[in-house]
Every structure is written in C-alpha cells, then in structure tokens.
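Residue numbers (this note's numbering): 19 to 1077. Worksheet: one structure, shown below.
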Amino acid sequence: MKQVYALAIGSLFTIFAAKAQGNDTYFADYPTLTPDAQTAIFSYEGDLWKVAVNGQSPAVRLTAMQGQETNPRVSPDGKWLAFSANQYGNNDVFVMPLAGGEIKQLTYNDANDEVDSWSWDSKSIYFTSGRYNNFSAYKVNIDGGTAVRLFGNYFNTIHGAAEHPKTGELYFGDTWESYRFAQRKHYRGDYNPDIQSYNPKTKAYKRYTDWAGKDFWTTIDAQGNVYFVSDEGNDEYNLYTFVNGKKTALTNYPTSVKRPSVSANGQKIIFEKDYQLFTYDIAGRKTEKLNINIYRNNVLPKQQEFDIQGNIENFDASPDGKKLAFVSRGELFVSDADGKFIQKLERNSAERVLEVEWLADSKTLLYNQTLEGYQNLYTIAANGTGSPKQLTNDKRNNRDLTLNKKRTMAAYLSGRDELRTIDLSTFVSKTVVKDEFWGFQNGQPYFSPNGEYLMYTAKRNFEEDIFVHNLKTGQTLNLTNSGVSEVNPYWSPDGKYIYFSTSRTQPSYPFGTRDAHIYRMPLEKFDEAFRLSKFNDLFKEEPKPDTTKKSPLKDTKPAPLAAQPAPKAPSDIAINTDEIMHRLERISSGFGQQDGPVVIQKGEKTLIYYTSNQNGGSNSVYRTTLETFERPKTDKVEGADAGGFSMTAVGEKYYISFGGNVYRINIESNKLDKIDVTYKFDRNLSGEFAQIFDETWANLEENYYDGTFHHIDWQKMHDRYKAYVPYINNRADLRLMLNDMLGELNSSHMGFTSNGQEERLNLRYRTMETGIVFGNTSPYVVDHILENSAADHKGIDVQAGDKLIKVNNVPVNEKMDRDYYFTKPSIDREILLTFERGGKNIDVKLHTEATNDIRGQLYDEWIKHNKAMVEQEGNKRIAYVYMKDMGDGSLQNFLEDMVDEGYKKDALILDLRYNTGGNVHDAVLNFLSRKPYMQWQYRGGEKTPQPNFSPAAKPIILLVNEQTLSDGEVTSAGFKQLGLGKIIGTETYRWIIFTSGKGLVDGSFYRLPSWGCFTLSGDDIEHTGVKPDIYIKTTFTDRLADKDPQIDAAVKEIMKELK
19 MKQVYALAIG
29 SLFTIFAAKA
39 QGNDTYFADY
49 PTLTPDAQTA
59 IFSYEGDLWK
69 VAVNGQSPAV
79 RLTAMQGQET
89 NPRVSPDGKW
99 LAFSANQYGN
109 NDVFVMPLAG
119 GEIKQLTYND
129 ANDEVDSWSW
139 DSKSIYFTSG
149 RYNNFSAYKV
159 NIDGGTAVRL
169 FGNYFNTIHG
179 AAEHPKTGEL
189 YFGDTWESYR
199 FAQRKHYRGD
209 YNPDIQSYNP
219 KTKAYKRYTD
229 WAGKDFWTTI
239 DAQGNVYFVS
249 DEGNDEYNLY
259 TFVNGKKTAL
269 TNYPTSVKRP
279 SVSANGQKII
289 FEKDYQLFTY
299 DIAGRKTEKL
309 NINIYRNNVL
319 PKQQEFDIQG
329 NIENFDASPD
339 GKKLAFVSRG
349 ELFVSDADGK
359 FIQKLERNSA
369 ERVLEVEWLA
379 DSKTLLYNQT
389 LEGYQNLYTI
399 AANGTGSPKQ
409 LTNDKRNNRD
419 LTLNKKRTMA
429 AYLSGRDELR
439 TIDLSTFVSK
449 TVVKDEFWGF
459 QNGQPYFSPN
469 GEYLMYTAKR
479 NFEEDIFVHN
489 LKTGQTLNLT
499 NSGVSEVNPY
509 WSPDGKYIYF
519 STSRTQPSYP
529 FGTRDAHIYR
539 MPLEKFDEAF
549 RLSKFNDLFK
559 EEPKPDTTKK
569 SPLKDTKPAP
579 LAAQPAPKAP
589 SDIAINTDEI
599 MHRLERISSG
609 FGQQDGPVVI
619 QKGEKTLIYY
629 TSNQNGGSNS
639 VYRTTLETFE
649 RPKTDKVEGA
659 DAGGFSMTAV
669 GEKYYISFGG
679 NVYRINIESN
689 KLDKIDVTYK
699 FDRNLSGEFA
709 QIFDETWANL
719 EENYYDGTFH
729 HIDWQKMHDR
739 YKAYVPYINN
749 RADLRLMLND
759 MLGELNSSHM
769 GFTSNGQEER
779 LNLRYRTMET
789 GIVFGNTSPY
799 VVDHILENSA
809 ADHKGIDVQA
819 GDKLIKVNNV
829 PVNEKMDRDY
839 YFTKPSIDRE
849 ILLTFERGGK
859 NIDVKLHTEA
869 TNDIRGQLYD
879 EWIKHNKAMV
889 EQEGNKRIAY
899 VYMKDMGDGS
909 LQNFLEDMVD
919 EGYKKDALIL
929 DLRYNTGGNV
939 HDAVLNFLSR
949 KPYMQWQYRG
959 GEKTPQPNFS
969 PAAKPIILLV
979 NEQTLSDGEV
989 TSAGFKQLGL
999 GKIIGTETYR
1009 WIIFTSGKGL
1019 VDGSFYRLPS
1029 WGCFTLSGDD
1039 IEHTGVKPDI
1049 YIKTTFTDRL
1059 ADKDPQIDAA
1069 VKEIMKELK
C-alpha cells in the first residue's frame, strides 16, 4: 500500500458537462474556515475545494481522489489541511500542506475514521472511529504513528472532540442522536446530546447544557469561545454560544443549521443550511450566503446503459403464446416467446413500471407505473405504437394485478384498505371489498377458475385469513378465520381446492412465520376415488372398429403430460364451510418451511409447485405430484434455487421466473430451459433520482404507522425537499437529502440507503485482527489477549509485555500506524507475528479475524466484567444474564444462561442496557413469567418443581438505560406490565416502531416503520419510552472510572428482598 499521494493542483475544467455556477451552488457540505476567516474549504461532488469568503475568485479544487473526501479541518497555524477520504473503501485520515505538496495517509484501519478537529499546537488531529466499539474519540500525530484512544470503556461512545485552547478541556458528544442520527429532528429523551467537556489533566468533567432536546456540533475559537447548535428555541437547529456561562441563541432560522465551524480568530462561523453554505459574522451578528463560483460537472442527465439480462423483475406471456412482456429497471419490454426479438416500449416518462399483464387480444398490455410516487394503472399497445393510456389517478398504490381466466376482468389492491376490480372492456374500476389489507406485505388476490369468486387475504389481529368474495351476490366468506396466518392461497383449476401456506399453531407476528407448510382445503366433503370403479373399467366392452375401413394406426403411447386435458371448473363452485378447517390436508413435507403454492392439473395429475428449505439448506422450488391411487411424490425442480418465483401458463407452455430470469418449465421432466434474454437500453440517473424521491415520500405517506406523522406536515416536507431535487449532483446528495427529509418525522427505524455502479471503488482494504490487544500509548506492546479470539488457543504463546517487531517477516517501524502492517486488499487467513521478549525473538502463527470480530470480543469482555461484579457483590446468589440484542442468537444465549446458571441462583438480574432490539420479546417474557404449579418426586429423591425453570418465583431486576431500544423497549414494557420485578436505570431510548422496507428502481432501499407499539393503556412507546422504577444513571465519568452504579443498585435491591 502506498503511504503518500501526489496532489494535483490545477483543474481540468474541459469536461463537456461542466458548468460554472455562483450563488445557486447546492450540496456543498462539510465546510470549514482558515484561521483568518478569509478562505472557506468544503466538500463538493466528493472532492475538497477552497474559495475566498468574499466570493471574488473562483473556487479551486484541492483534491481529486477516488471516492469521497469530507470533514476538512485546517490546522490553527494555517499550514495543514486534515480530512477523511474513503478511496480504500472506508474513511481514513489524511493530511496535506495547504501550500501544495503530498497528501499523506495517517490511519489505516478499515473502520471509518472521521476527522473532528485539531489540537491548538497544530501537531495532532482528533477523529472519531468505530474500530474497537460503536465509535469513540482518537488522536493521531500529524507526523504519523498509531492513534491513541482518548477515553476508555466500551460504552464511552465519544465523538466530535474539540480542544479548548485555554484550559485543555476536550468538548465532546456521546450519543447516537448527535453522531449517527443528527438528521433526526425533534427528539426528546434521555439519550439526547448535551455539551460536555473533560479535562485529561485535572480529570474535571463538566456538563454545560441540560436541555431535553439536542445540543451538539461544538466548535471553539482561539479565545475559547464555544459555539454549537441547539433545537431549544424553535425546534430547528440554530447557532448558540455561552454568554457568561448562559446558553444564548445567536440565530433563529426556520430551517436548520448544520455542521458549524468557527474560524480560529473568532470572526466568522461557516455552516450549512438548506444545502447551501453561509457565514455568520460574530461581531456584526450578520449572516451571508457564501458566493461559490464553481464548476459543476452535471453528469446525472447523461444517458447510461443497462442490460435486462438477469434483471427481469416481472413478466407475463401473451394468450396467443407468441410473445413475452417483462419489466426491467422500471422499463417495459416486449419480445417473442424465445426472447430473441426485443423492443423497449417508449413511455416518454422516467416513472417506474412494476407489473405487467397481457390483455386477451395479445396486442395490449395492462401495467402499473408510479405517478408522483403512487402506482397507477395504464394500458399501452404492445407493438410500440401509440401512447400510454392512464386508467387511474389515485394518491394510493394500485398494485398486485391479477386477471380472470378469460382476461375480461382484472383485480388489484388499492392503498391500505381497498380491493378493486376493473372491467377490461370499459376500463372502469370498482371497489368490491374494503378491509385491512395493509399497503404492502399483503397477499395477491386471485379469481376462482370460473370467475365467480375473488379470493384474497386480509388481516385479523395481525394475522392473515383467507376470504372469498362472490362477485355476483356480494357475499364475503372468511374461510379460515383462525388465530394464525394462512397466506398465498391458490385455487386449483378444477375449483375443488384452495392451496395455501400456514403454520397451523404458530402466529406469524411478532416473531415471523416459522415451520409453515403447504395445505389444501377441500371446499366440499369430497370422498376418495374408488378402486372398485377402476377394477370394473377393466371389463368394459370397447367399441369394435369398422374393419371395412382402413384407419391409421393409433399411437398407444400416452400423450405428453402438458398435452393432456386440464379439468374444467364447474359453472358454479359450491363451498361447504361446515368444519372446513378440520378438512385441511398437508401436502408438503413436515420439515423446514414451505410457501407460495402454484397448482397445475393435467390428466389425473395435480402438480403443486412451492418454495421449500426442507433439505436443511437454502430455499429452492419443489414440486409435489398428486395422482389418484398413487403415493404423493415430491421432487426438487432442477436448477430452481430461489426464495420466491412466479409462474404463468399459455396453452401447453409453462413459464417460471426467479432470480431475474425467465425459464420454460417442462412439467414432464421437471426441468428448466432458460430463455436467454439480453437487450441494452438507456436511462439517466437524474430521472431516476426524481422518481425515487417521489416514491419514497409517497410510500411513507401511505404506510407510516402514525397518521399524524408525529404532527409534522408531511406534504409540506415533500414540497420543501422536492425543490432541491434539480440540484442533486450525485448519489451521495440523494442519500443526504432523503435521510434529512425522513429525519423531519422524529422517527426511529428510518433510513434510505443507495449504492450505484458509479460509486464503486477500485480498491477496498481490510484490517486483519488477531484478538491481541496492544497498549493504548505503547501500540506495539501487548496488553492482553481477548477471550475466544484467534490468539486465545492452546499453543499460542503471546504474553502481556511482548513487543511486536515483525509482521510476516517485515520489520515494523514504530513511527508508522500499527494498522498499516495489518491492512491489505484482502484478509490473509494466517499471519506470522514476531515478538521480542526478554531479548529473544518469538515467532507466533495466528489465524486472522475481521475488525467486527474484535469489537464483539471486547463487548464480551465488558459483559464478563459485569458478571464478575454481580457474583462478588451478590455473594454468588444472583444470576447475571445479558442480552446484546433481541435476535435469535441472543435468545439462544439467554435461554442457555438461564438453564445453565439462572436456575441455580436465588435471584436474577437481566441486563438489557445498550440492547439494540430484534423480535424475540415474546419468547423472553414467556420464559421469565413461568411460575411453579406442582412438584414431583421419585421415591427417596428430591422434590422437583414443575416447570423445571420458574424465574418468576424469584426476585428479578431488569436493567435498562437510555440506549435500550426497539424490541428491548417492548420487552421492558412487557416486563413492567406483567409485574415480573423492578426496573432500574434510566428511561429507554424511545426508539420503537416495528419496521420493514421496500426496494426502489435502482436497488436503493428505504425503511417503512409501519407498526406502532403501544402499552395496554395506549401510550406510544416511541414517544414515552419505558420509565424505570428506580432512576439511576451511569455517567461518562462512572464509565471512565470503571464504576457501574446501576448494577450496584440492582444488587442492593435484590439483597434486600433475599434477607
């Protein structure tokens, strides 16, 4: 790896798309000022630029590295520029002389290192990194060397360090709300950021603000004047300072200030607002927009090439069997049945097509595409002539299209609560059912084979029931009406059965569907076929042929399965609902999980296709064949490894689609024949980004759990942020703006992610860890070995005090960052380290680990320390069980800890502090709620309670804090409601909405928090959190001193009860 890089000053402004712009420069960010306040430096289109604050000269590009350069900071002496850059796949710290010269890389760890500020002697750079925990503050010398962590304890998550020039205090923030979720506005809670400082020399800690909202982004001038942002004044981030120790507002803007940075001489503060840069004159209390005369390389409107190969998202085959229609990256295509002759249908729109169906004439397509973000219905001529015809104009998503067998009528879901039909001759829509469907994660409706009924699923107590609606009489029947979900129903072509997936005794919420299988529901009490009838058929007289006429020889071979007749559905389908759920028959394997049945009937055979993981691996498509007087036979469809699929049939041809491809399926051999489809087409990112913005906003509008949008005018937010869409320069700008808009909702479980081909980096470096913890201030000397790490194995001789002198036989230079020797484009599975111990060299072979592994081991070290504290303070009478999150792995660890240790002790401390959520609250609370109800005994043996594990019979303390979030909060609320014990700690985070998400046209993804969590008294836990019975906070200084007053209080409380 190279350590230094040539800086090319001077700009190649001959790119055809480049255009100079002045005060309309948007999405310049991460601003800072030179010490004399004369020059601004900022990031724009991924590079760093400088411009005179007076705006009298054009901006000059300072960097042109691959990837993004951000977080510029000028040294107090004005000679150096430090910044972060991700050209190797993650942010590292770099420094360069402002007068021109080489760019030098200072840090090499594969965690993100984000520059915060300089020391006032211009010798060191403060930065935030997640290399050993979530994030913390570090300091690195400008001349190189290994960074030093400023504050100990795994959960001292310090960031934004700023040094006071007079006292040496370090100002900092320590919450996610000021680091990860600065864009989340209006937060009020115990995890709010305050302005704090710590003096490393005097050990004095100070907290300067106590506002329940947000105070953060500290910046300090050379005289020690402190500036920051706060939302205390008008619920928007504005500039503040301290006047005689009192928090004082400097601005009162109606939109928020971001990332302020004061010049060292204290004259000006530069900041972002409304995606432009402004300076604030401190003496004159005057704000001016920074005039940036810069060249914008606007490439987003340029057409880019894409290929449909492997990227088909939806398809249908024409009734005449000659043509296919399909969707790829939001565009609509038609081809012949072999995929050789392909045409993109021009719609003159950047809106996204999602679904397509052929009409009966095999000449017209029915499809849906977005309109201002919402899916609406259209038709278009399949031969590419004419223009699209809009059929609906709704501010709701019209989706999940399905057609009846004759293709005379279609059905679709609209919004959260409507099932509609559309007459395919008049194209008039009609609402036939209003019910709780949800705006996504719903089943597709289907017509009965004779078109008499419309079948669908709707929600009852968060579970799906199967309904049929008679289109003539208007009568609706709930066929399943159970307390668990029956999903993805499919009506057999003969009209006799409905096939679906269900876990007969386990609800799908909140844990998700487990062990679901394919069942069929006989709609009447059908009897089995009689063998006697088949026997009697053996003796039927065959008609004698006319021997006087010559006739061709008959082929005695049976017709191919696909050519055999399909059963005809009766004109009227009878449904006998009496004891209908008791007539269910399981079709699929009883192992694993099966879903999504599709049924084909030919001759005497019924073929049921579905996905399954019954062999213990990943999902594949399987087929179960039912035939009269034969045992059911189940086979895997060869080559169909997929978690989901769609099928369609035209005459004797059958098509299946999964993984972005379309195949013909031979139902005789159960094999696939891939239709190789390739066609290149053009789209531009400018149109896509505008469509993505609208679709994201619209789906939040339709599906966000709170209809008041946390009392935010969501339409107003749309209009405000939509105005910035034309100024977006790249995908990073899109991410920034959409996450800012989502942040307006003061909502947890929110976020927009997007990655494009144009952002991919050539190099991506990884850091090799071994489980060896080196000294913080002596970075080449071993401090200790982490348990369960690569270095914690028999025969590995590494001891505290050993000094690292070689890595893979390469001598180390202690003036280099130690991570330089452990970071490469790919991780070596093994590494050879050479240590010096007592004048001797010792070679040690080790397997390597990823950075994330060592973070987990350090976390486990913290847990073990807590367990030891409880063991000592509780006289070995109290079990301590910790859960990092509420996922399956942590649930298993919880259960193992409870059965291994918990049952032996007299009491329990369950620690959910820092718990990051999941979805196992019900399992945890059910286990904790167990009480003994009897005893049993073998003669002469000990009496044993039933159930074996009864935690509720003993004292339980639940520990929570300001970082207990999501399902950790649900568990805490349930613990309190059930009266299982006392809760000790702080109020929880207020970060709980159950969430899912949706993908967008280019693979971008946004989260949809759609299910609120409320106490039995109706409190929205997202707003209230869970309050402890005994309020005790563990502070920054507690953690620094290795104290835990919350554990101390829990032990004392339990010992009172045990007396």
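Quick reminder that beta carbons are idealized off the backbone N, C-alpha and C, glycines included. Computed from a predicted model, the values in this text were never measured in an experiment.
Touch test, the segment 375 to 389 against the segment 722 to 738, Cβ-Cβ under 8 angstroms, three pairs minimum: Judged by Cβ distances under 8 angstroms, the segment 375 to 389 makes no contact with the segment 722 to 738, as fewer than three pairs qualify.
Bridge partners - Phe190, DSSP secondary structure assignment: Bridge partners of Phe190: Gln214.
Nearest residue (CA-CA) to Thr498, options Met427, Arg601 and Val451: Of Met427, Arg601 and Val451, the smallest CA-CA separation from Thr498 is found for Arg601.
Close-in-space but distant-in-sequence residues of the same chain around Glu331 (CB under 7 angstroms, 5 per side omitted): The answer, listed in chain order, is Val345 and Ser346.
Contained alpha helix (DSSP H) runs [length at least 4] in the segment 679 to 750, N- to C-terminal order: You should have 703 to 721 and 732 to 740.
Stretch pair the segment 770 to 779 + the segment 1050 to 1064: three plus CB contacts closer than 8 angstroms: Contact between the segment 770 to 779 and the segment 1050 to 1064 is absent, because fewer than three Cβ pairs lie under 8 angstroms.
Completely contained alpha helix (DSSP H) runs for the segment 984 to 1037, where each covers 4 or more residues: Whole alpha helix (DSSP H) segments, 4+ residues: 985 to 996.
Reference Thr439; option with closest CA among Leu489, Thr185 and Arg855: The option with the nearest alpha carbon to Thr439 is Leu489.
Sequence-distant residues of its chain with Cβ nearer than 7 angstroms to Ser18 (five each side left out): No answer is possible for residue 18: the residues shown for the chain start at 19 and end at 1077.
Contact under 8 angstroms by Cβ, Glu375 with Asp334: The answer is yes: Cβ separation under 8 angstroms.
Sub-8 angstroms separation of Val862 and Asp815 beta-carbons: It is a contact, given that the beta carbons lie within the stated cut-off.
Coil, strand or helix - Ser196 by DSSP: Looking at Ser196 - three-state DSSP - the assignment turns out to be helix.
One or two residues paired with Phe289 in a DSSP bridge: Paired residue(s): Phe296.
Three-way DSSP call (helix, strand, coil) for Trp880 in this model: Three-state DSSP puts Trp880 in a helix.
Neighbour-count burial assignment, Asn262, 16 or more Cβ in a 10 Å radius: For Asn262, the number of other beta carbons within 10 angstroms of its own is below 16, and it is reported as exposed.
Cα-Cα separation, Asp212 to Ile176: When rounded, the distance between both Cα atoms is 12 angstroms.
Run of the alpha helix (DSSP H) containing Thr1055, from where it starts to where it stops: Following the DSSP letters along the chain, one finds Thr1055 inside the alpha helix (DSSP H) bounded by residues Phe1054 to Leu1058.
Buried or exposed (CB count within 10 angstroms, at least 16 for buried), Trp715: Buried, by the Cβ-count rule.
Asp1062 in three-state terms, based on DSSP: Three-state result, Asp1062: coil.
Assigned secondary structure, Gln910 (DSSP; H/G/I helix, E/B strand, else coil): Of the three classes helix, strand and coil, the one that applies to Gln910 here is helix, per DSSP.
Among Ser75, Asp47 and Gly73, nearest to Phe101 - alpha-carbon criterion: Residue Asp47 holds the alpha-carbon nearest to the alpha-carbon of Phe101 among Ser75, Asp47 and Gly73.
Coarse secondary structure for Gly920, derived from DSSP in three states: In the structure shown, Gly920 sits in a helix (DSSP, three-state: H, G or I).
Contact under 8 angstroms by Cβ, Ala1068 with Ile975: Taking 8 angstroms as the cut-off, the beta carbon of Ala1068 is found closer than this to the beta carbon of Ile975.
Close-in-space but distant-in-sequence residues of the same chain around Lys689 (CB under 7 angstroms, 5 per side omitted): Hits under 7 angstroms: Glu656.
Of the listed residues Val938, Gln817 and Gln84, nearest to Asn911 (C-alpha basis): Answer by Cα proximity: Val938.
Residues near Lys882 in its chain [Cβ-Cβ closer than 8 angstroms; skip 5 each side]: Glu805, listed in sequence order.
Cut-off 6 angstroms between Cβ atoms - residues of its own chain near Ser510, not counting five sequence neighbours on either side: Val617.
Segment contact, 8 angstroms Cβ cut-off, at least three pairs: the segment 710 to 724 with the segment 338 to 357: Result no; under three Cβ-Cβ pairs closer than 8 angstroms.
Alpha-carbon spacing of Ile591 relative to Thr449, whole angstroms: Looking at the two C-alpha atoms, the distance is approximately 23 angstroms.
Local conformation of Ser346 per DSSP, three classes: Collapsing the DSSP output to three states places Ser346 in a strand.
Run of the beta strand (DSSP E) containing Leu943, from where it starts to where it stops: Leu943 -> not in any beta strand (DSSP E); alpha helix (DSSP H) instead, spanning His939 to Leu946.
Residues that DSSP places opposite Ala180 in a beta bridge: For Ala180, the beta-bridge partners assigned by DSSP are Tyr189.
Nearest residue (CA-CA) to Asn893, options Phe169, Lys1070, Gly608 and Arg931: Ranking Phe169, Lys1070, Gly608 and Arg931 by Cα distance to Asn893 puts Lys1070 first.
C-alpha distance - Ala155 paired with Gly191, whole-angstrom precision: Whole-angstrom Cα-Cα distance: 10 angstroms.
Counterpart residues of Met887 in DSSP-defined beta bridges: Note: Met887 sits in no beta bridge, so no partner.
Residue ranges of each alpha helix (DSSP H) within the segment 194 to 273, 4 or longer: Positions of the alpha helix (DSSP H) runs, each at least 4 residues long and wholly inside the segment 194 to 273, are given as 194 to 197 in order along the chain.
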